[in-house]
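Each remark here refers to the structure printed beneath this line.
Numbering (the UniProt record's numbering), first residue to last: 1 to 490.
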């Protein structure tokens, strides 16, 4: 007997590194529930995003298309109304669709406090909407004001501080401690992550057995500010965590914006002089970051328990990922931006559907965020709409020979930096091209997994560089927008 269409839960974290999870080899962090998804499902070890900032990456997940084609090439550019989204397709095929947590598919904060007020009439295909964002606004803050006035005042202050810090110049930044590491007095039962989980659990408990649901459960954390509540704030000892890898002088062979970012001369919101940070400071950043992740993991555990209590665990496909990573002190840098190291552009990719997706398997094939939409549609028995550019990961999971990609492409039109960047990543090499510049990056990923030595100007790698540049050019051309559909010869 054919299985019914699965319920689908797409878990997304914001700014979560792939290696900040136990199932990806981190033995210092506590993530038992996410690890349980991996143990009972499959893990991809070479999964890459298509853009290293929030909105473009999320829009790629929702459309299966590259940022240059869906049009959201940077934060602050809303997803076009005419783009066909994953929830639209699922809704048209009988699903109840829900947006829960951080969406960031339009501009955040401005001009309205509730992001969905600026959504198109069809709400990008979502039937149910419960959203919040980095600055804590939206339905969450309204709910908190009713439920816990004390926590409301704390959270409101956190959001206002975040907005102020983002707008501050380098001279106005708070440098009293490590960047954006703050204590939090919020009761964890009233934290954003708990609220997001509660709304997802409500959807599960109220779900109709005859109608499958799609829940985009998107956590705001561990995006900065790094401010977990207790007991998560003191869960990790800053002085016992592994220090971030940094080799003195390693940025000297990198493009000039790397050193500018390290010395507070960059062009993003995060202008801090990282040279002043001590090993203990870096440990405080990591401890807070890890605390936020464990708080998310505990709430994912609650959602998984709700599936079990409802008796629909075997009927639910669960996919876990993040929109992009976090430098977290690697290479002497923090946050994200036009630095296409693996710690930013490589994402966790874990997928589980009992009885359908292999249990406890790992895959080294290269996959992309653009592949998520066609993968979920294939398991739902739905043909992707014309214009989707990703390839389903289902053939990889079935063990089909030749499935998966040779390379992943990441792009970033970072207007504030004045850079237009394209990166091609394979299992052996990674190349990054900066339009109009003489410099670039080339890394031997097998010999130099830490991406320390830039081989762009190394004569010994001249042929490799030429080959990778050609492959990058091929990929750029191959991924030109196929829309609109050609319907006649002339």
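Yeah, the Cβ is synthetic: ideal placement off N, Cα and C, and Gly gets one too. All values reported here derive from a predicted model rather than from experimental measurement.
Within the same chain, and ignoring the five residues on either side of residue 272 in sequence, the residues whose Cβ sits closer than 8 Å to its Cβ are 170, 173, 175, 179, 264 and 334.
Distance from the CA atom of residue 108 to the CA atom of residue 139, rounded to whole angstroms, is 14 Å.
The count of Cβ pairs closer than 8 Å, one atom from the region 89-99 and one from the region 371-386, reaches three, so the stretches are in contact. By the neighbour-count definition (other C-beta atoms within 10 Å, threshold 16), residue 262 is a buried residue. By the 16-neighbour rule on beta-carbons within 10 angstroms, residue 274 is buried.
For residue 301, the enclosing alpha helix (DSSP H) begins and ends at 279-310. When the beta-carbon positions are compared, residue 127 and residue 163 stay at least 8 Å from each other. For a cut-off of 8 Å, the C-beta gap from residue 434 to residue 426 is around 19 Å, too long to register as a contact. Of 270, 300, 238 and 307, the smallest CA-CA separation from residue 278 is found for 238. The C-beta distance from residue 186 to residue 102 rounds to 17 Å, too long to meet the 8 Å contact threshold.
Here residue 57 is buried: its Cβ has 16 or more other Cβ atoms, across all protein chains shown, within 10 Å. Among the bridge pairs identified by DSSP, residue 479 is matched with none. Contact check between the region 211-231 and the region 3-18: three or more CB pairs, one atom from each, fall below 8 Å, which counts as touching. Cβ-Cβ distances below 8 Å link residue 32 to 22, 297 and 301 in the same chain, with the five nearest sequence neighbours on each side left out; the list follows chain order.
Judged by beta-carbon spacing, residue 450 lies beyond the 8 Å limit of residue 17, meaning their Cβ atoms are not closer than that value.
An exposed status is given to residue 280, since fewer than 16 other beta-carbon atoms sit within 10 Å of its beta-carbon. The beta-bridge partner set that DSSP reports for residue 320 consists of 11 and 350.
Of the other Cβ atoms in all chains shown, 16 or more fall within 10 Å of the Cβ of residue 83; this residue is therefore buried. For residue 59, the enclosing alpha helix (DSSP H) stretches over residues 54-63. For the options 45, 29 and 64, the alpha carbon positioned closest to that of residue 483 is the one of 64. Within the region 29-54, the complete alpha helix (DSSP H) segments at least 4 residues long are 32-39, listed from N- to C-terminus.
Nearest to residue 45 by C-alpha distance, out of 462, 470 and 405, is 405. In its chain, beyond the 5 residues on either side, 22 and 23 have a beta carbon closer than 6 Å to the beta carbon of residue 35.
Shortest Cα-Cα distance from residue 445 to any of 478, 343, 81 and 210 involves 343. Its chain contains 217, 299, 300, 302 and 303 as the residues whose beta carbon lies nearer than 8 Å to that of residue 197, once the 5 sequence neighbours on both sides are disregarded; these appear in chain order. For residue 365, the enclosing beta strand (DSSP E) starts and ends at 361-368. Less than 8 Å separates the beta-carbon of residue 337 from that of residue 268. One thing to note: residue 293 has its Cβ within 8 Å of the Cβ of residue 29. In the structure shown, residue 124 falls within a helical segment according to DSSP collapsed to helix, strand and coil. One thing to note: residue 69 has its Cβ within 8 Å of the Cβ of residue 481.
The three-state secondary structure of residue 23, taken from DSSP, is helix. Here the alpha carbons of residue 306 and residue 184 stand approximately 28 Å from one another. Exclusion of the five residues before and after residue 276 leaves 175 as the residues of its chain whose Cβ lies within less than 8 Å of its Cβ. For residue 408, no alpha helix (DSSP H) run applies; the uninterrupted beta strand (DSSP E) run containing it begins and ends at 408-414, by DSSP. Beta-carbon to beta-carbon, residue 236 and residue 329 are separated by about 14 Å, too far to satisfy the 8 Å threshold. Restricting attention to alpha helix (DSSP H) runs no shorter than 4 residues, the region 204-269 encloses them at 256-262, ordered along the chain.
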